[in-house]
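By the working numbering, the letter at position 84 of the first sequence is numbered 121, and the numbering carries on one by one without gaps.
Ideal placement from N, C-alpha and C gives every residue a C-beta, glycine not left out.
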Amino acid sequence: MAKEKKLVEAITSMNEDFAQWYTDVVRKAELVEYSNIKGCMIIRPNGYAIWENIQKRLDAMFKETGVENVYMPMFIPESLLQKEKDHVEGFAPEVAWVTQGGLEPLEERLCVRPTSETLFCDFYARIIQSHRDLPKLYNQWCSVVRWEKTTRPFLRSAEFLWQEGHTAHATEEEAEERTIQMLNIYADFCEQYLAIPVIKGRKTDKEKFAGANATYTIEALMHDGKALQSGTSHNFGDGFARAFGIQYSDKENQLQYVHQTSWGLSTRIIGAIIMVHGDDSGLVLPPRIAPVQVMVMPIAQHKEGVLDKAYALRDQLIEAGFQVKVDDSDKSPGWKFSEQEIRGIPLRVEIGPKDIEAGHAIIVRRDTREKITVPFGELSAKVGETLETMQNDMLARAKAHLESHIYEAKTYDEFKETIANKPGFVKMMWCGDEACELKIKEDTTATSRCMPFRQETITEICPVCGKPAKTMVYWGKAY
RNA sequence: CGAGGCGUGGCUCAGUUUGGUAGAGCGCCGUGUUCGGGACGCGGAGGCCGCAAGUUCGAAUCUUGUCGCCUCGACCA
38 MAKEKKLVEA
48 ITSMNEDFAQ
58 WYTDVVRKAE
68 LVEYSNIKGC
78 MIIRPNGYAI
88 WENIQKRLDA
98 MFKETGVENV
108 YMPMFIPESL
118 LQKEKDHVEG
128 FAPEVAWVTQ
138 GGLEPLEERL
148 CVRPTSETLF
158 CDFYARIIQS
168 HRDLPKLYNQ
178 WCSVVRWEKT
188 TRPFLRSAEF
198 LWQEGHTAHA
208 TEEEAEERTI
218 QMLNIYADFC
228 EQYLAIPVIK
238 GRKTDKEKFA
248 GANATYTIEA
258 LMHDGKALQS
268 GTSHNFGDGF
278 ARAFGIQYSD
288 KENQLQYVHQ
298 TSWGLSTRII
308 GAIIMVHGDD
318 SGLVLPPRIA
328 PVQVMVMPIA
338 QHKEGVLDKA
348 YALRDQLIEA
358 GFQVKVDDSD
368 KSPGWKFSEQ
378 EIRGIPLRVE
388 IGPKDIEAGH
398 AIIVRRDTRE
408 KITVPFGELS
418 AKVGETLETM
428 QNDMLARAKA
438 HLESHIYEAK
448 TYDEFKETIA
458 NKPGFVKMMW
468 CGDEACELKI
478 KEDTTATSRC
488 MPFRQETITE
498 ICPVCGKPAK
508 TMVYWGKAY
C-alpha cells in the first residue's frame, strides 16, 4: 500500500487545499509550464490540444450562424482606444503599452490589445455604408494582453487565448437577438461538449462590460462552490457606433447608426473543465472534448503478441472514429494507469496475455474506475457506448452538484449565514440599487453573478434595504 | 497593489541559526532482470545554490537591492 500513498502525495487532496489541488493538477497533467515572463504561461501539448478541440467545436457552431473569421492587428493606437469613454476607463489599469519601435520612440504609443472593440469599430466605420452591408458577423481567434496583478494558470494570466466575436446590425432588435443567440451557443457548448451546466443571465450594471448597454453571462459552479464566469455576450446598442461614427444609409436614404454586439470565451474555460470534473487523481476530461479518448495499455508488453494486439485494437478503434493512442513506453503498468488518470483520458483499454487468451479486453472508465470486460468483437461498440455514457454521467453529476449548491435567502441575515457557511450560489431578491450590491460585497465578499433569465419571486422586498424588489439575483463568491 | 510564504541538478527538499567552497530521494542516460495499480540490480551524467551589488582571507549561508513563484485579499475573462 506504500505505492498508493505515493500516488496520493503527488496531488494534494482537493478537500485539504483546493487551490493547491488545482495547481498540482495543472502541473502534473502537463497542461501548463510557467514561463520566464511574469504572468505568462506556456500551454503544453496536453493543454493546447484541449483548446484546439474547443476551437474546432465552437468555431463550427459560430459558422452555422453565419459568422466569418478575420484577423485584426494586435496593436491599438492610443487615440483609437480613447474614443469610447467608458471603455478606456474600464481597461486603462490593465493595458500594456509599446512606446518604442526599433531604436526610435513612437510618436503615438500603441497599446497591446486587451480586447478589440475599438479596432473592429474603426474597421466597421470604413466598410459599412449601406443597409446592404449589414449585418457584419465577424470573429477572431487570438490572444489578448491584460496586465494582471496576480495570475493563475488558465484562470487569470497576463496573456490569454480567446475568441472575440464582433457584429454590427441595422436594428436594436437584431443586435439583441444576436447577443442572446451567442450566449445560448456558449451555454449549449458548455453542456454538450464540456458537460458543464451553466446559469444564463444578465450582469448588473456594476458588473457589466466597459461600454456595453447590457452584458449577458453564463456562470458555472466549480467543485469548491465558487462561481466562474465562463462566457460573455454584450449588447452595445449604438454607443460604440456613435463614438466611432459607424453609420449606414437605410432604405429611405436616412443615415443610421449600427447596433453592435461582442462575445467572447477564453482559455479560462479549461480552468472550468478542471475544477468541475477533476478529482484527487487528477483531471477528468469529458469524452467529447478529450484530445485522446482511449489509451490502450499493453500489459507485459515484452511477451509475444501483446504489443501487436494492442496496435491492432488501436487501429480498430481509430477506424471506428475514436481518438486513440497506445502507451507502449517501458513504464510499469501501474505507472501508466496513474499517468492516464492524471491526464484525465476518459477510457483505458487493458490488454495482456490473459486477455488475449480469453479473447477479450478490459475497459476502465476514468470517472468511476468501473472495469468492463469486453470480447474483442464488441470492443468498438462498447467503447462508443461507454464514452457516451460517461459524457452523460459527467453532465448529470455536474448538474446535481450545481442544483444542490443553490440556496435561497429571504432575509439578509439568512443570506450572510448561507454565504459564509455554504459554498455555492444564493438566490436573493434585489432592489436594483448598486448600494446594496456594494454592501453585500463589503459584508460577505460575495458579488452578484447574474440576474437569471429564469426569474422567481422569493420576497417582495430587497432584504438588504427593504425597498421593493425588482429582480432575483444569483450571488456567490467568484474566481 | 496590500498581507504572508518560498527561490539550492529536471522534480521534491536537506544544508543557512553558528561563513570554510554542495548533498539526498525521485527523475534522466546505459545495461540486465521485470511487467494485471507508480518494479529492481549494476554503471553513469547533471548544480558558478534566482540575479546583482556589498561585508569578509573566504558567502548557498550575513547585508542591501532586484526578479520570479505560491496562498489570501482588491481588480478582471
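At a Cβ-Cβ threshold of 9 Å, PHE273 and GLY248 count as neighbours. Taking ASP170 as the centre and dropping the five residues before and after it, the same chain places the C-beta of ILE164, TYR285 closer than 8 Å to its C-beta, in chain order. Setting aside the 5 residues that flank it on each side, VAL510 is surrounded in the same chain by TRP467, SER485, MET488, each with a C-beta closer than 6 Å to its C-beta; the list follows chain order.
In this model, GLY396 and GLY342 are separated by some 13 Å (Cα to Cα). In the three-state reduction of the DSSP assignment, SER153 falls in the coil class, being assigned neither a helical nor a strand state.
Assigned with DSSP and collapsed to three states, ARG305 falls in helix. Here ASP261 carries a coil assignment [DSSP, helix/strand/coil]. If you draw a 10 Å sphere on the C-beta of PHE374, you find 16 or more other C-beta atoms in it, and that means buried. Excluding five sequence positions before and after ARG403, the CB atoms of its chain that fall closer than 7 Å to its own CB belong to VAL321, GLU378, GLY381, ILE382, PRO383, LEU384, given in chain order. The C-beta distance from ALA349 to SER417 rounds to 12 Å, too long to fall under 8 Å, and the pair is not in contact.
Contact check for LYS173 and ALA133: beta-carbon distance about 28 Å, past the 8 Å limit, so the pair fails to qualify.
Between THR481 and LYS453 a beta carbon distance of about 6 Å is seen, short of the 8 Å cut, so the two are scored as contacting. Listed as beta-bridge partners of GLN177 by DSSP are GLU201.
Inter-residue distance for SER116 and LEU147 is about 9 Å (C-alpha atoms, whole angstroms). Boundaries of the beta strand (DSSP E) around PRO412: 408-412. A contact is defined here as three or more CB-CB pairs under 8 Å, and the stretch 353-372 meets this definition with respect to the stretch 321-335. VAL361 carries a strand assignment under DSSP once its states are collapsed to helix, strand and coil. PHE462: member of the beta strand (DSSP E) spanning 462-467, first to last residue. Straight across, the Cα-Cα distance linking PHE157 with GLY268 is about 20 Å.
Residue state for LYS453 is assigned as helix, using DSSP reduced to three classes. Of the residues SER180, MET259, ASP367, the one whose Cα lies closest to the Cα of MET334 is ASP367.
Residue pairing of CYS487 in beta bridges, as defined by DSSP: TYR511. For THR496, the secondary structure class from DSSP, reduced to helix, strand or coil, is coil.
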